[in-house]
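Notes follow once the structure below has been shown.
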Amino acid sequence: MADLADAPAVGHEIDAGLLSDIAGRCIMTGGQIRNAALNASVLAFEDGGGVKSAHVELAVLREYRKLGAVWSAAPPRVPGHGRPVGYRWPPLP
């Protein structure tokens, strides 16, 4: 298992527009925001790089789906995580 203290410093590339969009459209508690941020960090760590916009988008989408809520963003495009490009999530019951 990798030790985070020994991990090389990497740059994060998160689009400010995405963060603004999430802040303006998503209703999340502090705990949900924390969960999404941690999830995005884990996704980035698994990919071996810094946190990217797609990691944040997927993490927020997963947090919303855990709650049974719908977030209208396009499907995330993180290779190895989520669904193929063009996949549409089925409607929630």
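According to the numbering used here, the sequence shown is numbered sequentially starting from 214.
Backbone N, C-alpha and C define an ideal beta-carbon position, used for all residues, glycine too.
Given the structure is predicted, the values throughout are model-derived calculations rather than measurements.
- Of the residues assessed, Lys279 falls on the exposed side of the cut-off, its CB having fewer than 16 other CB atoms within 10 angstroms.
- Exposed is the label assigned to Glu226, since fewer than 16 other Cβ atoms lie within 10 Å of its Cβ.
- Contact check between the segment 247–254 and the segment 267–279: three or more CB pairs, one atom from each, fall below 8 Å, which counts as touching.
- Residue Ile235 holds the alpha-carbon nearest to the alpha-carbon of Glu276 among Ile235, Asp228, Gly224 and Ala229.
- Under DSSP, the beta-bridge partners assigned to Glu226 are Lys265.
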